[in-house]
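A.B. asks: Here it is: the structure, laid out below.
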Amino acid sequence: MLRKFNWFFPYTKHVVVSFSSINKPCTRQISLSSFPPNSPYLKSLFHNGHLKEALLEMAVQGPEMRFEGYDTLLNECINQRAIREGQRVHTHMIKTCYLPPVYLRTRLIVLYCKCECLGDARQMLDEMPERNVVSWTAMISAYSQRGYASEALNLFVQMLRSGTEPNEFTFATVLTSCIGSNGLNLGRQVHSFIIKTSFESHIYVGSSLLDMYAKAGRIHEAQGVFESLPERDVVSCTAIISGYAQLGHDEEALELFRRLQMEGMSSNYVTYASVLTALSGLSALDHGKQVHNHVLRSELPSYVVLQNSLIDMYSKCGSLNYSRRIFDGMPERTVISWNAMLMGYSKHGMGREVVELFELMREENKVKPDSVTILAILSGCSHGGMEERGLEIFFEMENGKLGVEPVIEHYGCVVDLLGRAGQVEEAFKFIKKMPFEPTAAIWGSLLGACRVHSNVDIGEFVGRRLLEIEPENAGNYVILSNLYASAGRWEDVRTLRELMSKKAVIKEPGRSWIELDQILHTFC
DNA sequence: CTAGGGTTAG
């Protein structure tokens, strides 16, 4: 950081400045005459990454700084995410009474956004004497990209009220904030606005629009937008494929991928990741291997995201050896890599492998576990006969030793774990003293344990409770009635069946599928 | 100057 920072040196010929960079302190003599304001030298300093020297130069130039100098400096601060240096540029404007035009103020908004100082960015925007569509859009997109959907939407409305017309950038970004319970409603309003302003066939707006419909579960509307696009690119194709995949329409996703590929669509890592999700859902190992081949032949095989998807796909297809081979071969892993692998072992009841892998994770100490890691471990211990170890890890987390904040799902896993171990009373006590209100899923897990271990007393209490919370769930009636049956309480079984038909509870039909000779067959 | 799709869990 700079130690000396004097603004008013332009009248001296030489100036000695001392500063310390991260590695070494240094002092340098700067000859002013060789550095006219906005000189090419200034630019060369930035491009060689000497931002701090450039800042000194700025300090030396003092009030001589003009638009071009600020622009170059700010852009470099943005590229390097250098917030301290950027603040100095901002301060320089204030101290020298420079009134930046809209363009430079927008660059400052972008600087603060990219450096995660959204509050400062917002203050910049609010204090601007005049704003244009770019200033508004930069802020809206910062909110959208970080998941602050309501802030993004509120700002969008404020922008409209101020009389500024949104452009294709604004629409593309604001649509990604049309999520949640009212998302579809908002998205439709934005859509009609898009039609009015004739941005509907814009490729960025269109892919954002179809993604919005897909995320709201409206795959047909998404498909409609996709088909109406005058041109397609990787992103729009990926968006529609992943739309199908995320809604569980895995066959359609795969079908569409094949068709678009034949039509010449190019794929990137996001495309493959989406297709792999669909294949995991289908447990289609042969198809998965084909996509893996595509990935290996592409330029992308070392992408972490893609390898994570492959680990997951092979796990869900039951090939844990393949998963592990990919996992072991990764030069860098994210927490998702560990979680996908742990989850794979967990789902296959390999409790010992789960615990061993977690120990490896702690030994390596490169990646911190998160909430999902602990979920994978607890459910793995529960399904894999490692109940005691699972409980130990849970209590470590509860005592704050893992750096993971316990959430209700963790408590749910422990209930499951105790229940499976036959400790039905302990599980019931555990639920009663949890710091959360038990959900239907948690009661359901305990009811299942009561059924398996024939604990009619607790089972009856829990079952009745569940029938109140979710009277439409057929499974609860069936388990409770089986529990009564196992205790020979036929009268209760009968009244329960009557209650069930009176409320017209319908059991969902079962579905299954199988892959034979690389052809997928599905049954209902 | 500002913009769209993605990986683990439920």
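Going letter by letter, the first sequence gives residues 0 to 523 in the working numbering. By construction, the Cβ of each residue, glycine as well, lies at the ideal position given by its N, Cα and C atoms.
(1) My output table needs one value for residue 249: the three-state DSSP class, helix, strand or coil.
(2) By the 10 Å Cβ neighbour count, where 16 or more other Cβ atoms means buried, how is residue 249 classified, buried or exposed?
(3) Which residues in the same chain as residue 259 place their Cβ atom closer than 7 Å to its Cβ, once the five residues preceding and following it in sequence are excluded?
(4) What's the C-alpha gap between residue 247 and residue 239?
(5) Would you say residue 463 and residue 480 are within 8 Å of each other, going by their C-beta atoms?
(6) Does the stretch 200–214 come into contact with the stretch 169–178, if we say contact requires no fewer than three beta-carbon pairs (one atom in each stretch) closer than 8 Å?
(7) Return helix, strand or coil for residue 11, following the three-state DSSP convention.
(8) Write down every uninterrupted run of the alpha helix (DSSP H) in the stretch 229–282 whose length is 4 residues or greater and which is fully enclosed by it, in chain order.
(9) Measure the C-alpha to C-alpha separation of residue 76 and residue 114 and round it to an integer number of angstroms.
(10) Can you tell which of 270, 436, 89, 185 has the C-alpha that lies nearest to the C-alpha of residue 64?
(11) Check for me: the alpha helix (DSSP H) holding residue 106 runs from which residue to which?
(12) Label residue 98 either buried or exposed according to how many other C-beta atoms from any shown protein chain fall within 10 Å of its C-beta, with 16 as the threshold for buried.
(13) If the criterion is Cβ atoms closer than 8 Å, does the pair residue 108 and residue 149 meet it?
(14) What's the gap between the Cα of residue 279 and the Cα of residue 323?
(15) Tell me where the alpha helix (DSSP H) around residue 168 begins and ends.
(16) Quick one: Cα of residue 123 to Cα of residue 177, how far?
(17) Can you grab the Cα-Cα spacing for the pair residue 364 / residue 263, in whole Å?
(18) For residue 81, which three-state DSSP category applies?
(19) Comparing C-alpha positions only, which one of 373, 486, 432 sits nearest to residue 458?
(20) Under 8 Å, do residue 418 and residue 444 count as touching if we go by C-beta distance?
(21) Take residue 500 as the anchor and find which of 470, 180, 317 has the nearest alpha-carbon.
(22) Could you tell me the distance, in whole angstroms, from the CA atom of residue 146 to the CA atom of residue 430?
(23) Mapping the DSSP letters down to three states, classify residue 360 as helix, strand or coil.
(24) Indicate whether residue 310 and residue 343 have their beta-carbon atoms separated by less than 8 Å.
(25) Can you give the Cα-Cα distance for residue 396 and residue 447, rounded to whole angstroms?
(26) What is the rounded straight-line gap between the Cα of residue 401 and the Cα of residue 473?
(27) Could you say which of 314, 315, 440, 266 lies nearest to residue 295 if we only look at CA atoms?
(28) Tell me whether residue 444 sits in a helix, a strand or coil according to DSSP, three-state version.
(29) Do residue 345 and residue 382 have their C-beta atoms closer together than 8 Å?
(30) Are there 16 or more other CB atoms within 10 angstroms of the CB of residue 96, so buried, or fewer, so exposed?
C.D. replies: Based on what the coordinates show:
(1) Looking up residue 249 in the first sequence gives position 250. Helix, per DSSP.
(2) Reading the first sequence from its first residue, position 250 is the one you call residue 249. By the neighbour-count rule (16 or more Cβ atoms within 10 Å), residue 249 is buried.
(3) Looking up residue 259 in the first sequence gives position 260. These residues qualify, in order along the chain: 236.
(4) The count along the first sequence starts at 1 and reaches residue 247 at position 248. The count along the first sequence starts at 1 and reaches residue 239 at position 240. C-alpha separation (whole angstroms): 13 Å.
(5) Locating residue 463 in the first sequence gives position 464, where the first residue counts as 1. Locating residue 480 in the first sequence gives position 481, where the first residue counts as 1. Their beta carbons are not under 8 Å apart, which means residue 463 does not touch residue 480 by this criterion.
(6) yes
(7) Position 12 of the first sequence holds residue 11. Model confidence at residue 11 stands at a pLDDT of 33, short of 50, so the residue's coordinates are unreliable; what they give is reported in the following sentence. Three-state DSSP puts residue 11 in coil, outside helix and strand.
(8) 233–245, 249–261, 268–281
(9) For the purposes of this step, residue 76 is taken as residue 77 along the first sequence, with counting starting at 1. For the purposes of this step, residue 114 is taken as residue 115 along the first sequence, with counting starting at 1. So the alpha carbons of these two residues sit roughly 10 Å apart.
(10) Numbered from 1 along the first sequence, position 65 holds the residue referred to as residue 64. It is 89.
(11) The residue given as residue 106 occupies position 107 in the first sequence. 101–113 is the span of the alpha helix (DSSP H), which, as asked, contains residue 106.
(12) As a working note, residue 98 is residue 99 in the first sequence. Exposed, since its Cβ has fewer than 16 Cβ neighbours within 10 Å.
(13) Indexing the first sequence from 1 puts residue 108 at position 109. Indexing the first sequence from 1 puts residue 149 at position 150. Against a cut-off of 8 Å, the Cβ pair of residue 149 and residue 108 comes out as no contact.
(14) For the purposes of this step, residue 279 is identified with residue 280 of the first sequence, where counting begins at 1. For the purposes of this step, residue 323 is identified with residue 324 of the first sequence, where counting begins at 1. About 16 Å.
(15) Within the first sequence, the letter at position 169 stands for residue 168. From DSSP, the alpha helix (DSSP H) with residue 168 extends over 167–173.
(16) Position 124 of the first sequence holds residue 123. Position 178 of the first sequence holds residue 177. Roughly 25 Å between the two C-alpha positions.
(17) As a position in the first sequence, residue 364 is number 365, starting the count at 1. As a position in the first sequence, residue 263 is number 264, starting the count at 1. Rounded to the nearest angstrom, the two C-alpha atoms are 44 Å apart.
(18) Here the question's residue 81 lines up with position 82 in the first sequence. Residue 81 falls in the coil class under three-state DSSP.
(19) Taking the first residue of the first sequence as 1, we reach residue 458 at position 459. That would be 486, whose Cα lies nearest to the Cα of residue 458.
(20) Position 419 of the first sequence holds residue 418. Position 445 of the first sequence holds residue 444. Going by C-beta atoms, residue 418 is nearer than 8 Å to residue 444.
(21) As a working note, residue 500 is residue 501 in the first sequence. Ranking the options by Cα distance to residue 500, first place goes to 470.
(22) Taking the first sequence and counting its residues from 1, the one referred to as residue 146 is at position 147. Taking the first sequence and counting its residues from 1, the one referred to as residue 430 is at position 431. Going by the C-alpha atoms only, they are around 33 Å apart.
(23) Residue 360 sits at position 361 when you count from the first residue of the first sequence. DSSP places residue 360 in helix when its eight states are reduced to three.
(24) For the purposes of this step, residue 310 is taken as the residue at position 311 of the first sequence. For the purposes of this step, residue 343 is taken as the residue at position 344 of the first sequence. Yes, Cβ-Cβ distance for residue 310 and residue 343 is below 8 Å.
(25) Your numbering for residue 396 matches position 397 in the first sequence. Your numbering for residue 447 matches position 448 in the first sequence. So the two alpha carbons sit approximately 26 Å from each other.
(26) For the purposes of this step, residue 401 is taken as the residue at position 402 of the first sequence. For the purposes of this step, residue 473 is taken as the residue at position 474 of the first sequence. The straight-line gap from Cα to Cα measures roughly 39 Å.
(27) What you label residue 295 is simply residue 296 of the first sequence in a count that begins at 1. If we check each option's Cα against that of residue 295, 266 comes out closest.
(28) On the first sequence, position 445 is the one that residue 444 refers to. Helix at residue 444.
(29) As a position in the first sequence, residue 345 is number 346, starting the count at 1. As a position in the first sequence, residue 382 is number 383, starting the count at 1. A contact, by the Cβ cut-off of 8 Å.
(30) The residue labelled residue 96 in the question sits at position 97 within the first sequence. Exposed is the call here.
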